[in-house]
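What follows is a set of notes on a single structure, which appears directly below.
Numbering (the working numbering), first residue to last: 850 to 1167.
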């Protein structure tokens, strides 16, 4: 083990002090670690920055027949310009690192501590929490293992306050320098803004999903409401027989023999209704199954078509 005095005088990694104790073999294994682990991570982050900039830029215009007219921003369509803009953030990071090395401000643990303190509450707490809240109210499927207590409002509020409070404490109390404090407070403001947008844009409005799915070796339908299976009365009309069942999901022997499916949704369901009629290929691609949907609601009977290009239909309900 390394004494604290050795680590206190080390500005980079622990490879130097370890090599003094264990010998030069540490540099060999350390070099492999840097190339295979840290090097690959640098490549992945570089690609992520490059692709993110490409998404922000306008979509490239492909060559079409006939003359084209130059327009404002056409220089952004050039491949060299797009590549240069994609590499610009990577170049800025490289220059920042070189500046830190030349001014003896390079630190291995400092950036890790800063990034970890700022991103861990987001990636481990806030984002999964918001995704859980939305999926429990609008999810298309119900997982086989589902802990209902995680979706309780008290549990969600407690988890939110723990992660948000930890980040807020870094901005108000823990960090001494103003720059890091300001950065933490800006991220806290962004979290509050994101939460407000999720609430104002009805992302938590409950949704009922009626799905009819055909795939290789299996045809079935299922009904999910607010993230839970919903047993409803279903009239199955086939060419050779009619059947009425009350279930949340049911296998269909042959979808080609089915003339109609009539789902009787219970009263009291509010939010949105999603009709999803599709076929899934062996490669996992989903296509709409052409169908004629009749929706009996408060405004009478409405007819909506389902085509191969449009496999879903979302309507207000309740």
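For every residue, glycine included, the Cβ atom is placed at its ideal position computed from N, Cα and C.
Small disclaimer: the values here were computed from a predicted structure and weren't measured.
(request) Using a threshold of 8 Å, state whether the C-beta atoms of residue 986 and residue 1075 are closer than that. (result) yes
(request) Going by DSSP, name the residue or residues bridged to residue 1077. (result) 1074
(message) Closest to residue 989 by C-alpha separation, out of 1131, 881, 1079 and 870, would be which residue?
(response) 1079
(request) Check the DSSP bridge columns for residue 1149 and list the partner residues they point to. (result) 1146
(request) Spatial neighbours of residue 1052 within its chain, please: CB distance less than 7 Å, with the 5 preceding and 5 following residues excluded, ordered by chain position. (result) 983
(message) Helix, strand or coil for residue 1108? Go by DSSP, reduced to three states.
(response) strand
(message) In chain order, what are the residue ranges of uninterrupted alpha helix (DSSP H) at least 4 long that sit wholly in the region 1027-1067?
(response) 1027-1049
(request) May I have the straight-line CA-CA distance separating residue 1098 from residue 1147, to the nearest angstrom? (result) 26 Å
(request) Note the first and the last residue of the continuous beta strand (DSSP E) segment covering residue 1126. (result) 1120-1129
(request) Evaluate residue 1019 with the Cβ neighbour count: other Cβ atoms within 10 Å of its Cβ, from every protein chain shown; 16 or more gives buried, anything less gives exposed. (result) buried
(message) Between the region 1109-1124 and the region 1081-1092, can you find at least three pairs of beta-carbon atoms closer than 8 Å?
(response) yes
(request) Tell me residue 1166's beta-bridge partners as DSSP assigns them. (result) 1120
(request) Taking all protein chains shown into account, decide if residue 974 is buried (16 or more other Cβ within 10 angstroms of its Cβ) or exposed. (result) buried
(message) Am I right that residue 931 and residue 903 are in contact with their C-beta atoms under 8 Å? What's the rounded C-beta distance?
(response) 7 Å
(request) Identify which residue in 960, 936, 935 and 933 has its Cα closest to the Cα of residue 946. (result) 960
(message) Need the endpoints of the alpha helix (DSSP H) that residue 1012 sits in, please.
(response) 1002-1018
(request) Apply the 10 Å Cβ neighbour rule to residue 1125 and answer buried if 16 or more other Cβ atoms are within range, or exposed otherwise. (result) buried
(message) Whole angstroms are fine: how far does the CA of residue 1086 sit from the CA of residue 1128?
(response) 20 Å
(request) Check whether the Cβ atoms of residue 1133 and residue 1157 lie closer than 8 Å to each other. (result) no
(message) Along the chain, where does the alpha helix (DSSP H) containing residue 985 start, and where does it finish?
(response) 976-987
(message) What does the alpha-carbon distance come out to for the pair residue 991 and residue 1004?
(response) 20 Å
(request) Please report how far the alpha carbon of residue 944 lies from the alpha carbon of residue 1068, in whole angstroms. (result) 57 Å
(request) Measure the alpha-carbon distance for residue 1022 versus residue 966 and round it to whole angstroms. (result) 13 Å
(request) Return the bridge partner residues of residue 1141 from the DSSP annotation. (result) 1154
(message) Just to confirm my understanding: we take residue 913, look at its own chain, exclude 5 residues before and 5 after, and list those with CB closer than 7 Å. What are they?
(response) Caution is warranted here: a pLDDT of 43 is assigned to residue 913, below 50, making its placement in the model unreliable, and no coordinate value can be reported.
(request) Work out the CA separation of residue 1031 and residue 921 for me, nearest whole Å. (result) Unreliable placement is indicated for residue 921, whose pLDDT of 47 sits below 50; the coordinate value is still reported in the next sentence. One C-alpha to the other measures close to 37 Å.
(message) Measuring alpha carbon to alpha carbon, tell me which residue in 897, 976, 1140 and 1151 is nearest residue 1041.
(response) 976
(message) Just to check my reading of the structure: residue 925 and residue 907 have Cβ atoms closer than 8 Å, yes? What is that Cβ distance to the nearest angstrom?
(response) 6 Å
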